[in-house]
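Those protein sequence lines, which keep their order, are chains A and B.
With positions in the first sequence counted from 1, the corresponding number in our numbering is that position plus 492.
With positions in the second sequence counted from 1, the corresponding number in our numbering is that position plus 11.
Encoded as structure tokens, the structure appears first; notes follow it.
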Amino acid sequence: MAEVFSAQNLWKRFGNVAAVQGVSLNVHSGEVVGLLGPNGAGKTTTLRMLAGILTPTDGQVLIKGMDMRKHALEAKERIGFLSGDTQVYQRLSPREVLLYFGRLYRMEETRLAQRIEQLVQELEMGAFASRLCRTLSSGEKQRANIARAFVHEPDVLILDEPTSSLDVISGQFIVEAIRRERAAGRAIVLSTHIMSEAEYLCDRIYLVHKGKIVGSGTLAGILAHSGCANLTDAFLHYVEHGKQPAASGV
Amino acid sequence: MENSLLLPASSMRPHIIATIFRKEITESLRDRLTVIVVLLLPLLVYPLMLIGMSKLRESQELAQEVRPSQIAVWGAAPADLVGWLKRTNALVLENWTGASESLRAEFEAGKFQPPPAAVMERNGEKTAPPDPLMDAARALVSRRKADAVLIVWPGFEKELVRGGLGRISIYFDSVRPASEKAQERLNEELVQFRKDIVQQRERERGLAEGFSRAVEISSRNIAPASRRTGQVLGVLLPFLVIILSATGSVYAAIDLTAGEKDRGTMQTLMCAPLRTGEIVCGKFLAVWIIGLISALANTGSMAATLTRVVAPTGMLNLSPWTYLWTFAMLLPVTFTISAFFLAVAVLARDAKDAGNFLGPALIILMMPLGAAMTPGVELDAWTSFVPLVNIALLIKALFIAEGRPEYVFLTLVSSAIYAMLALLFAARVFGREQVLLGGKDSVRSIFSIERGRDIVPTPGFALTAFAVIFVVMFYGSLMLENASIIKMMLATQYGFFLLPVLALAAGMKFSSRETFSLRPPHWRGVLAAVLMGLSGWAVIGGVAIRLLPPPDSLVRAMEKILLLGDKPAPLWALWVAVGVTPAICEELLFRGLILSGLRRLGKWPAILLSAFLFALAHSSIYRLLPTLLMGVLLGYIVWRTGSILCSMIVHGLNNGLMATLVHSPNLLQRFHLQDTPYLPWHLTIAATVVLILSLLLLRSVPRSGAETHDARPD
Numbered sequence: 493m494a495e496v497f498s499a500q501n502l503w504k505r506f507g508n509v510a511a512v513q514g515v516s517l518n519v520h521s522g523e524v525v526g527l528l529g530p531n532g533a534g535k536t537t538t539l540r541m542l543a544g545i546l547t548p549t550d551g552q553v554l555i556k557g558m559d560m561r562k563h564a565l566e567a568k569e570r571i572g573f574l575s576g577d578t579q580v581y582q583r584l585s586p587r588e589v590l591l592y593f594g595r596l597y598r599m600e601e602t603r604l605a606q607r608i609e610q611l612v613q614e615l616e617m618g619a620f621a622s623r624l625c626r627t628l629s630s631g632e633k634q635r636a637n638i639a640r641a642f643v644h645e646p647d648v649l650i651l652d653e654p655t656s657s658l659d660v661i662s663g664q665f666i667v668e669a670i671r672r673e674r675a676a677g678r679a680i681v682l683s684t685h686i687m688s689e690a691e692y693l694c695d696r697i698y699l700v701h702k703g704k705i706v707g708s709g710t711l712a713g714i715l716a717h718s719g720c721a722n723l724t725d726a727f728l729h730y731v732e733h734g735k736q737p738a739a740s741g742v
Numbered sequence: 012m013e014n015s016l017l018l019p020a021s022s023m024r025p026h027i028i029a030t031i032f033r034k035e036i037t038e039s040l041r042d043r044l045t046v047i048v049v050l051l052l053p054l055l056v057y058p059l060m061l062i063g064m065s066k067l068r069e070s071q072e073l074a075q076e077v078r079p080s081q082i083a084v085w086g087a088a089p090a091d092l093v094g095w096l097k098r099t100n101a102l103v104l105e106n107w108t109g110a111s112e113s114l115r116a117e118f119e120a121g122k123f124q125p126p127p128a129a130v131m132e133r134n135g136e137k138t139a140p141p142d143p144l145m146d147a148a149r150a151l152v153s154r155r156k157a158d159a160v161l162i163v164w165p166g167f168e169k170e171l172v173r174g175g176l177g178r179i180s181i182y183f184d185s186v187r188p189a190s191e192k193a194q195e196r197l198n199e200e201l202v203q204f205r206k207d208i209v210q211q212r213e214r215e216r217g218l219a220e221g222f223s224r225a226v227e228i229s230s231r232n233i234a235p236a237s238r239r240t241g242q243v244l245g246v247l248l249p250f251l252v253i254i255l256s257a258t259g260s261v262y263a264a265i266d267l268t269a270g271e272k273d274r275g276t277m278q279t280l281m282c283a284p285l286r287t288g289e290i291v292c293g294k295f296l297a298v299w300i301i302g303l304i305s306a307l308a309n310t311g312s313m314a315a316t317l318t319r320v321v322a323p324t325g326m327l328n329l330s331p332w333t334y335l336w337t338f339a340m341l342l343p344v345t346f347t348i349s350a351f352f353l354a355v356a357v358l359a360r361d362a363k364d365a366g367n368f369l370g371p372a373l374i375i376l377m378m379p380l381g382a383a384m385t386p387g388v389e390l391d392a393w394t395s396f397v398p399l400v401n402i403a404l405l406i407k408a409l410f411i412a413e414g415r416p417e418y419v420f421l422t423l424v425s426s427a428i429y430a431m432l433a434l435l436f437a438a439r440v441f442g443r444e445q446v447l448l449g450g451k452d453s454v455r456s457i458f459s460i461e462r463g464r465d466i467v468p469t470p471g472f473a474l475t476a477f478a479v480i481f482v483v484m485f486y487g488s489l490m491l492e493n494a495s496i497i498k499m500m501l502a503t504q505y506g507f508f509l510l511p512v513l514a515l516a517a518g519m520k521f522s523s524r525e526t527f528s529l530r531p532p533h534w535r536g537v538l539a540a541v542l543m544g545l546s547g548w549a550v551i552g553g554v555a556i557r558l559l560p561p562p563d564s565l566v567r568a569m570e571k572i573l574l575l576g577d578k579p580a581p582l583w584a585l586w587v588a589v590g591v592t593p594a595i596c597e598e599l600l601f602r603g604l605i606l607s608g609l610r611r612l613g614k615w616p617a618i619l620l621s622a623f624l625f626a627l628a629h630s631s632i633y634r635l636l637p638t639l640l641m642g643v644l645l646g647y648i649v650w651r652t653g654s655i656l657c658s659m660i661v662h663g664l665n666n667g668l669m670a671t672l673v674h675s676p677n678l679l680q681r682f683h684l685q686d687t688p689y690l691p692w693h694l695t696i697a698a699t700v701v702l703i704l705s706l707l708l709l710r711s712v713p714r715s716g717a718e719t720h721d722a723r724p725d
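This is the structure in structure tokens:
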């Protein structure tokens, strides 16, 4: 698997507060990488830097070898970003939202129309795709939001707590979509504070605490290295014992 | 939950109500903006507004008091009357100003009759017989050539000598405070003059006091009724129409910025492959269009009401052009206000916050508009550069059928500049990632400038620098209007152009070489510059002056500037002051700081925009086209050669040659230019050939370093 996406020594300071401190990671095509950590660990800030929403105070983000700082527009065209708290435009229908973003991503009109229909079918949006978003349920809105993030067929998907505030059935749409995109060869980075979600979705996991990576590896590797039976205990173990040698692959 | 509203009053629990009240009031008062809006704003607004307006009123009255009234005297005024009127120095008399030869002849032949002694009002204009005397007086006063006309009716002196009744009239315009003041002064002096004669006659003839009349004084208000109604409505309606149009864009500005943050959609836009400027422009256009729709609705409703309800009464009958102009004036107003609101609204964390921000912003907006309502405040050079006030005054001027083209132009130019500043501010705020993500960012950090980050100015920096330099230069020049031309020119060029440009470049640590294109030019570039300098003025002058001929007053003013005064200065001094000085100072600003700042926009947008700003800086509608074309040539030569020296040569030769021509009548005669307002076609064509040669020569100059560095980063 080819490396699609990497971050090297990312720092983000807000005044005197260093929210992210030297985070490095990489993601390959067809791989789901998770950022796992408690609330306030710096996951969202890291993902926002990866998506080009925030500018790193220091460090570099590369997409297919392209420096995001130097080629921001080209890099952003290859990224799809979705977070649990982003919403869709209330006074547009999901179809209109997809059309709007497809055009912002400079998609060719015929291809865009096909892609919209494909997403409407895949995410079972047919019943509500032409209704205004303000009339939709949370789950329906989140499906429209997934479609919005995926519409331009990005190489990299950055998902920030995508299932937060969703019920089990609505969350399942996200899980299925992630698996489908992984199978299509996309590189996916997702953050979560739900250990079980990381266990069943992620190929590799980075454990984040207080703005730093404290451990990383496959689920089996992390468990074996920490000697713990589950990811929650392993996370606490890493936090307690500091960064382990297993994290050197980060 | 129990529905307490259905319970009888006796079952309401006061302590619960008190607890809820306490919590709500505590939370509300902990919101700093609520405290500002509820408490601080009223404490500040009234003193500021009332003190400001009364000070303004006082200064207006003082200005009226100090300024002598210009009186056109039509008719034969006896020497003792002239001496009487001149004794206080408050009246400046000019004989027969504004009266044509034919009017004068008819007047002296006794064709016109004096109005009754009482102040005469005139309402039914359409049915009134034509009165050439009043029309001429009206034209004179409305053009500001005189404040009032004193009409000394035929036989006045003879009547006084024989002890009879001399008739005299004051024609004034009640809409103009200066004219009213002139009427008041004249009336006072004439009453005293009459009293003096009457007392003298009574003494001489032993008559009882009050027996004689001697002089019949009548005042005639020459302002038509529509103008008087226009004065009343012209004060109120601009205020109303601007505020209501502004209100239209408030909600849109909030919805598209803070509303997006509230709804969590701003982030989706930020991760899309978009430039900040694109987001700002897209949103701004939407807010502006909504403001314009509101402006259109306001103007339309106002026009319909005035046409249907007011016009039939004969009080005010405005032409459709007035409404069209009013709407046209709302274009820059809504532009500026929309950009300002957008910038303020995006600072807010959510829609409620934005409402709190924009409430005070609207009040701040109303204050200068209130100043525009003050009687006596008119559109002039000073007020034409005060944002929003200028437009309010211009609409007011349109309502009373005034509005001089030069002030309309200055108002539009200054409004465009303020709108640009507001939009640049909005773009700057949008560039703050913390602000867009709903976080807080201090105002200081929004305005903070990172020195030494760029080697050349950014487009935003260049445009902001131009706007600030231009406004300072404009007001600085006005303050220096009583100084000699040479002092004014040197102060403007060195003080308002060169000094800030050098200070900004040094302060921001820009590269002097890159910012000012300080490179030695190729010899072909120098030759092209010389040819362009010799021919450019002739081509541009030959064509542009034919398209938009300047008025005589401007031609005379330009000649005075080129000669550095009424008497020509030595030729070498003209070349230094009019040729070399602007060539250095203006070039370092326009082809240096500004052109290098705009370079990122690409070759032609940068050259055209810098040329346009160069043209605007000359502050005259008649000079707009020639200076724009010259600006394009100057920008192109710097872009092509990479050296500012070339544009300095062109600029210096251009100005110096024009000054030499004006200075040397012999030269004008040699080229047969003394009797023609335009450059003859054969000279224009010859100059065009030379100019084309210079452009061809420029094409052969090796590509400059500057030209190869016009890549546009994301």
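All C-beta atoms in this analysis are idealised placements derived from N, C-alpha and C, irrespective of residue type, glycine included.
Leaving out five residues before and five after residue i in sequence, what residues of the same chain have Cβ atoms less than 7 Å from its Cβ?
i      : result
B/V46  : L40
B/F582 : Before going on, a small fix: residue 582 of chain B reads as Leu here, not Phe. Closer than 7 Å at the Cβ level, and outside the excluded window around B/L582, lie T671, H674.
A/R583 : L624, R626
B/A193 : S80, I82, D158, A159, F183
What does residue i pair with, by DSSP beta-bridge criteria?
i      : result
A/G572 : A/L649
A/K504 : A/V512
B/R178 : B/E227
Under 6 Å Cβ to Cβ from residue i, same chain only, skipping five residues before and after it: list those, please.
i      : result
A/G495 : For clarity, residue 495 of chain A is Glu in the given sequence; the question names Gly instead. The answer, listed in chain order, is N518, H520.
B/S727 : Lying before the first or after the last residue shown, residue 727 of chain B is absent from chain B, which here runs from 12 to 725.
B/Y418 : L390, S395
B/A225 : R205, I208, V209
B/P249 : A403, I406, K407
B/R149 : I233
Nearest-angstrom Cα distance between residue i and residue j?
i      : j      : result
B/G442 : B/T333 : 40 Å
A/A712 : A/G557 : 29 Å
A/L586 : A/V580 : Looking at the sequence itself, residue 586 of chain A is Pro, so the reference to Leu does not match. Each residue's Cα considered, the two are about 8 Å apart.
B/A147 : B/W95  : 26 Å
A/Q610 : A/R561 : 33 Å
A/S708 : A/E523 : 15 Å
A/L565 : B/R360 : 26 Å
B/L612 : A/A621 : 40 Å
A/A511 : A/A533 : 8 Å
B/L358 : B/A269 : 8 Å
B/V298 : B/D266 : 9 Å
B/M277 : B/P398 : 31 Å
A/E673 : A/Q634 : 17 Å
B/L421 : B/V483 : 14 Å
Comparing the CB of residue i with every heavy atom of the ligand ADP, is any distance shorter than 7 Å?
i      : result
B/T475 : As presented, the structure is devoid of all ligands, the ligand ADP included, so that no description of it is given.
In the DSSP assignment, find the beta strand (DSSP E) that holds residue i and state where it starts and stops.
i      : result
A/N531 : Note, A/N531: premise wrong, no beta strand (DSSP E); not H, not E.
B/R231 : 226 to 232
B/N100 : Counting along the chain, B/N100 falls outside any beta strand (DSSP E), and DSSP gives it neither H nor E.
A/G551 : 550 to 555
B/L161 : 159 to 163
Leaving out the 5 sequence neighbours to the left and right, which residues in its chain are closer than 8 Å to residue i when beta-carbon positions are compared?
i      : result
A/N501 : G514, V515, S516, D550, G551, Q552
B/L599 : F508, L509, V512, L513, F527, I655
Hey, could you find the ends of the alpha helix (DSSP H) residue i is sitting in?
i      : result
B/V643 : 635 to 652
Fully enclosed by the segment 673 to 736 of chain A, which beta strand (DSSP E) runs are 3 residues long or longer?
679 to 684, 696 to 701, 704 to 709
With a floor of 4 residues, list each alpha helix (DSSP H) that falls wholly inside the segment 331 to 412 of chain B, ordered by position along the chain.
331 to 358, 362 to 384, 400 to 410
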